[in-house]
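Protein chains: 2
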Amino acid sequence: MFEAFEKYLKEKADLDAEEINAVRAVSMEKKVRKRQYLLQNGDVCHNNCFIVKGCLRMYTVGDDGVEHILRFAVENWWISDRESYNNGSPSKCNIDALEDCEVILIDKPDFLNLLTTIPKFKNFIDSLLARSYDAIQNRVMSAISYTTEERYQNFITRFPDIFNRVPLHMIASYLGVSRETLSRVRSQYVNK
Amino acid sequence: MFEAFEKYLKEKADLDAEEINAVRAVSMEKKVRKRQYLLQNGDVCHNNCFIVKGCLRMYTVGDDGVEHILRFAVENWWISDRESYNNGSPSKCNIDALEDCEVILIDKPDFLNLLTTIPKFKNFIDSLLARSYDAIQNRVMSAISYTTEERYQNFITRFPDIFNRVPLHMIASYLGVSRETLSRVRSQYVNK
DNA sequence: CGATTCTTTGAAAACAGTCAATCTGTGTGG
DNA sequence: CCACACAGATTGACTGTTTTCAAAGAATCG
């Protein structure tokens with residue numbers, strides 16, 4: 008399982024063999040079954056999680072019991088509740104698996120240690136965070152500026168891989184509309 | 008004008024006199040008049056901007072000419088288009104002053120230099136970025152989960168200082184609703 | 001096959017957007 | 001100091017979109 012992560016670290020973060028060994032030493036391999044939680048509301052997020060295989064989602068549950076999906080994550084993405092991770096506060100979110108998954112977990116103290124001992128790794132993670140900030144800002148922009156149809160179009164062109172493997176009602180949840188509305192928007196679109 | 012920034016750096020980032028001098032050496036003081044642009048759509052964002060006094064907004068303009076406000080910023084906040092700044096790409100946004108402002112600009116190369124030579128500064132900026140990530144993620148959550156009234160309530164409790172100094176139609180724009188809708192939501196709220 | 005989960009559809013109600021008009025407060029120039 | 005212009009806020013009437021609830025059709029999986 009670690010090979011995929013190793014390849015990723017080599018290609019994306021440009022780590023050498025020794026550095027990769029340092030990462031390996033603190034990596035925990037884990038399998039997460041479909042529907043299983045990786046993080047539950049109220050828990051503190053202690054890990055960084057890299058996805059070797061599978062698909063997960065992070066979401067909140069409103070007072071009315073409705074789920075609101077904050078993000079999806081697939082192979083070669085990271086997922087964790089950064090707010091809880093950074094502040095040690097109980098998470099408002101859940102993370103669970105939409106498919107059987109293989110992930111690699113790195114504990115917070117170990118991860119901090121990697122960041123300080125491997126400058127290349129620190130730079131890489133910093134640039135990842137910067138890009139996820141850009142992505143999330145673009146999402147805010149699209150939430151306040153675009154119509155439902157535009158947001159849907161945006162989603163399938165930006166994340167065709169995700170679109171193909173998660174149920175539509177979850178995409179609706181991600182976009183902030185009801186499943187019925189998304190269904191209707193799609194059928195109108197098909198008839199053009 | 009620099010004194011306010013100095014105080015901020017001392018208190019928040021714990022910089023000593025020598026470090027503050029290094030920051031001062033690359034700081035450019037600037038006054039921005041109400042309605043004046045700090046950044047215009049199409050330009051590349053070259054600076055970090057710290058606000059000593061005043062209030063600014065960052066927004067996009069849609070094809071239909073409608074403005075969508077991404078964020079406000081007041082005293083002791085930073086504002087810049089991070090996406091353009093990081094990638095050197097032309098900005099999709101405008102930043103302009105809602106009041107007469109005093110700001111401090113630090114050029115990108117100078118700023119990078121400060122980050123590498125002053126580890127405390129780097130840590131401080133990293134934690135700022137982490138918190139702004141949390142903030143923006145909470146905004147996504149509120150956009151997809153809450154009603155207009157809840158979002159409005161949220162805004163005035165979280166940012167009472169901003170609420171008191173920017174026109175309502177800009178808050179409407181920030182929340183992603185028309186000014187008329189926000190006006191009606193408010194009056195319903197008052198009548199409870 | 002039966003059971004779940006997912007998607008679609010219909011009809012009514014709630015909500016939000018648009019356009020136009022009015023009301024309010026602020027500040028500037030005469 | 002007043003009149004006027006101007007930006008901001010509100011209201012009404014109308015239209016369009018989205019939600020909600022209920023039901024029924026696909027698709028998938030054991």
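Just so you know, the protein sequences line up as chains F and L, in that order. Be aware that the first sequence starts at 8, since it is given in our numbering, and climbs by one per residue. Be aware that the second sequence starts at 8, since it is given in our numbering, and climbs by one per residue. Backbone N, C-alpha and C fix where the C-beta goes; we use that ideal spot for every residue, glycine too.
Residues of chain L whose Cβ lies closer than 7 Å to the Cβ of Asn120(F) do not exist, since the nearest Cβ in that chain is about 16 Å away.
Here His75(F) carries a strand assignment [DSSP, helix/strand/coil].
Fewer than three beta-carbon pairs drawn from the region 119–126 of chain F and the region 12–28 of chain L are found closer than 8 Å, and the two stretches are therefore not classed as touching. In terms of Cβ geometry, Leu77(F) and Tyr92(F) do not form a close pair [threshold 7 Å]. For Leu45(F) against Ala104(F), the beta-carbon gap comes to about 7 Å, under 8 Å, which counts as contact. At least one beta carbon of chain F lies nearer than 7 Å to the beta carbon of Glu90(L). By the criterion of a C-beta distance shorter than 7 Å, His53(F) is surrounded in its chain by Asp114 and Lys115, once the five residues flanking it on both sides are discounted. Residues of chain F with a Cβ closer than 9 Å to the Cβ of Ile169(L) do not exist; the shortest Cβ-Cβ separation is about 16 Å.
A Cβ-Cβ distance of about 10 Å is found for the pair Val184(L) and Glu156(L), leaving them out of contact under the 8 Å criterion. Note on Gly72(L): under 16 other CB atoms within 10 angstroms of its CB, so exposed under the neighbour-count rule. At a cut-off of 7 Å between beta-carbon atoms, Asn93(F) makes contact with chain L. Contact of Ala80(L) with chain F is not assigned, every C-beta pair being separated by 7 Å or more. The three-state reading of DSSP puts Leu45(L) in strand, counting E and B together. Under the criterion of beta carbons closer than 8 Å, Leu16(F) and Val30(F) qualify as touching, at roughly 6 Å. Under the 10 Å beta carbon count, Asn130(F) is surrounded by fewer than 16 other beta carbons and is classified as exposed. Contact with chain L is absent for Val110(F), since none of that chain's Cβ atoms lies less than 7 Å from the residue's Cβ.
Following the DSSP letters along the chain, one finds Leu63(L) inside the beta strand (DSSP E) bounded by residues Leu63 to Val68. As a beta-bridge residue in DSSP terms, Trp85(L) pairs with Phe57(L). The CB of Gly69(L) comes closer than 8 Å to the CB of Ser152 in chain F, given here in chain order.
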